[in-house]
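Data first, discussion second: the structure below is written as structure tokens.
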Ligand code: URA
């Protein structure tokens, strides 16, 4: 029903009881289905797990509430009456596939570097990318701050006189990674859309809309295509 930070506050305020006793330790172990938990005297039950795929528009931040009053991804979930959190982040200027769920274990798995889940981005950059520059993206690029990216896959989609469009698949999730990789090879990103996570494609979800995912699609997120 709320984030970890908020629930820790509730617990320290003495609003939460487990089996009739107020607990103030947020690490207190609870067996769901066995222990009885109350918040402000109301009995809680475990929520059904829910998984959403949102096509995040640009200009929207991936956080809950924004100090500067910018729109957040939660503005696009107004008909949902369950708490969910975004799995990882997309920059404000990036659009495309964002997963939201209340399943923290699943979220951790999707984000964990060990899982090496591929994420594919459709990228438009300034200038014409040369073969040697693609090789750099594929083999690993020094993106500054002592960070070198791991192997990536690149597939050119088209080029005009001034721009190149390509798909880039990475298995890491460094901060602003795609933008930093493209800048490092001398081609600033002009447009960035995440189109796939694991084996799940954004497909035809309209910008600003979301769909609820069922079994096979949830499994697809954890696959390598
Ligand atoms: N890489 C970026 O640079 N930005 C994103 O939003 C996601 C990946």
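Residue numbers (the numbering used here): 6 to 230.
The beta-carbon is built from N, C-alpha and C at its ideal position, and this holds for glycine as well.
7 Å Cβ cutoff met for residue i and residue j
i, j, result
"residue 43", "residue 13", "no"
"residue 199", "residue 93", "no"
"residue 27", "residue 19", "yes"
"residue 66", "residue 97", "yes"
"residue 183", "residue 197", "yes"
"residue 162", "residue 173", "no"
"residue 41", "residue 24", "yes"
"residue 133", "residue 181", "no"
Selection from the options that minimises the alpha carbon distance to residue i
i, options, result
"residue 168", "203, 131, 41, 185", "131"
"residue 17", "6, 33, 25, 24", "33"
"residue 10", "214, 181, 69", "69"
"residue 123", "91, 225, 8, 90", "225"
"residue 89", "151, 147, 52, 193", "52"
"residue 91", "73, 72, 111, 144", "111"
Expected contact under 8 Å - CB spacing of residue i and residue j to nearest Å
i, j, result
"residue 204", "residue 229", "7 Å"
"residue 142", "residue 202", "Not a contact, Cβ separation roughly 19 Å."
"residue 216", "residue 223", "About 12 Å separates the two Cβ atoms, so there is no contact after all."
"residue 60", "residue 153", "Contact doesn't hold; Cβ gap of about 31 Å is too wide."
contact_flag[the stretch 76–84, the stretch 170–177] where n(CB pairs < 8 Å) is 3 or more: no
Test item, CB below 6 Å from any non-hydrogen atom of the ligand URA: 95, 96, 99, 181, 182, 183, 184, 197
The stretch 95–107 contacting the stretch 52–67, beta-carbon criterion three pairs below 8 Å: yes
contact_flag[the stretch 111–118, the stretch 131–138] where n(CB pairs < 8 Å) is 3 or more: no
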